[in-house]
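**Q** One rule links them: number in the working numbering = place in the sequence shown (from 1) + 40. Following this message is one structure expressed as structure tokens.
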Amino acid sequence: MDLSFALQALCVLHIAGHGRNLSPGVYPVPESIDEEVARTKLTALGLAIDSLTPSQEHYLASWDEGT
């Protein structure tokens, strides 16, 4: 629940600051807000997101349909 409330609150702030530039519609949560909430929660739990190794990045970028 805390994550959804945090996302909702930060999205409201985002809309308050940028709403005049948005046309009516449904928008996804901005990636920056999603990452901020996730990192804050992980920090509160004493955890962190690690980074991909160059080998992992290469693997993710080199897949073919149907493998």
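Here a beta-carbon is modelled for each residue, glycine too, at the ideal position from N, C-alpha and C.
1. In angstroms, rounded to a whole number, what distance separates the CA positions of Glu76 and Pro70?
2. Beta-carbon within less than 7 Å of His54's beta-carbon, same chain only, minus the 5 sequence neighbours each way: which residues are those?
3. Can you look up Ala101 in the DSSP assignment and give me helix, strand or coil?
4. Quick one: give me the first and last residue of the alpha helix (DSSP H) that Ser72 is part of.
**A** Taking the geometry as given:
1. 10 Å
2. Pro70 and Ile73
3. helix
4. Glu71 to Ala84
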